[in-house]
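**Q** Those protein sequences? They're chains A and B, same order as listed.
If you're matching positions, the first sequence starts at 43 in my numbering and goes up one per residue.
If you're matching positions, the second sequence starts at 43 in my numbering and goes up one per residue.
Glycine residues also receive a C-beta, built at the ideal position from the N, C-alpha and C atoms.
2 protein chains.
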Amino acid sequence: MLPELDPLLHSQLRLAVMSILIGSPEADFVYLRKTTGATAGNLSVQIEKLREAGYITVEKSFRGKMPRTTCRITPTGIKAFETYVEALQDYLPK
Amino acid sequence: MLPELDPLLHSQLRLAVMSILIGSPEADFVYLRKTTGATAGNLSVQIEKLREAGYITVEKSFRGKMPRTTCRITPTGIKAFETYVEALQDYLPK
DNA sequence: AATATTTGGTTTATTATATAAACTAGTTTA
DNA sequence: TAAACTAGTTTATATAATAAACCAAATATT
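1. Going by the DSSP bridge assignment, what does A/PHE158 pair with across the sheet?
2. Alpha carbon to alpha carbon, how far is B/GLU46 from A/THR81? Give it in angstroms, no decimals.
3. I'd like to know whether the C-beta atoms of A/VAL100 and A/ARG110 end up nearer to each other than 7 Å.
4. List the residues of chain A whose Cβ lies closer than 9 Å to the Cβ of B/ASN135, in chain order.
5. Would you report the Cα separation of A/LEU134 and A/LYS91, rounded to the nearest angstrom?
6. At the level of alpha carbons, what is the spacing between B/VAL72 and B/LEU85?
7. Find the residues of chain B that neighbour A/LEU47, judging by a C-beta separation of less than 7 Å, and give them in chain order.
8. Determine the chain B residues that contact A/PRO77 at a beta-carbon separation under 8 Å, and present them in chain order.
9. According to DSSP, is B/THR99 helix, strand or coil?
10. Please classify A/ALA7: does DSSP put it in a helix, a strand, or coil?
11. Contact criterion: CB-CB distance below 7 Å. Does A/ALA80 meet it with respect to chain B?
12. B/ALA58 and B/CYS113: beta carbons closer than 7 Å?
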């Protein structure tokens with residue numbers, strides 16, 4: 043039987059966010075939006091879902107006078123991502 | 043920018059079906075159901091979507107008196123699967 | 001100085017998707 | 001012959017993805 047794929051990670055946009063955050067210590071909203079090509083609304087919703095799950099942290103601050111939202115992956119998120127990638131291997135040709 | 047992931051393939055169950063069919067020349071409904079662990083209803087729906095897209099063919103016959111539904115991947119399906127797997131690589135750690 | 005535009009988002013509404021439940025049609029078993 | 005099983009399909013429901021509308025503040029334009 044094929045393993046389950048964490049539904050929270052098996053979403054193009056959430057996977058993209060996690061993939062970016064796995065590779066860099068932090069990324070802000072604007073960067074994530076440009077890199078993923080997502081709309082702001084969609085990105086906002088999916089970031090919140092990842093945050094709720096404890097996969098990422100979200101920090102709001104100001105860069106000069108403009109607001110800034112910084113995302114970071116958590117140890118829980120790293121673990122979940124690794125588990126997902128491993129499960130995914132069973133779906134891909136060897 | 044991260045590449046798009048074919049939404050038709052980026053679904054756990056449809057990906058599972060395609061993954062099985064990539065690895066064997068044919069598989070029947072019962073086998074797919076057991077291997078994926080899906081409910082018959084869900085499998086029926088997802089097989090139909092793959093068939094509509096031209097990714098698989100679906101052949102109905104009888105094994106003795108019992109009906110049998112056999113699925114096979116098409117060249118289009120193989121291509122789509124390969125493209126999907128390649129795009130997916132960009133989401134996974136190197 | 002007022003007004004229009006842009007930035008950086010959130011909230012709400014709509015559409016699409018996944019899944020389960022209910023159903024059909026026929027077969028085998030008790 | 002009635003109950004239970006097989007092999008599915010259809011329909012309904014819950015969830016998810018996405019877009020559209022909105023908001024507050026900053027910056028640019030006339």
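**A** According to the data block:
1. What is shown of chain A runs 43 to 136, which leaves residue 158 of chain A out entirely.
2. Going by C-alpha positions, A/THR81 is about 14 Å away from B/GLU46.
3. If you check the CB distance, A/VAL100 and A/ARG110 do not come in under 7 Å.
4. The sequence given here has Pro at residue 135 of chain B, not Asn. Those are SER61, ILE64, GLY65, PHE123, GLU124 and VAL127, listed as they occur along chain A.
5. When rounded, the separation of the alpha-carbon atoms in A/LEU134 and A/LYS91 is 27 Å.
6. Rounded to the nearest angstrom, the two C-alpha atoms are 10 Å apart.
7. Per Cβ cutoff of 7 Å: GLN54.
8. The residue asked about is misnamed: residue 77 of chain A is Thr in this sequence, not Pro. Using a Cβ-Cβ cut-off of 8 Å, A/THR77 is close to MET43 and LEU44 of chain B, given in chain order.
9. Here B/THR99 sits in strand by DSSP.
10. In the structure as shown, chain A begins at 43 and stops at 136. Residue 7 of chain A is therefore absent and cannot be evaluated.
11. Taking Cβ atoms only, chain B never reaches closer than 7 Å to A/ALA80, which makes this a no.
12. Not a contact, by the Cβ cut-off of 7 Å.
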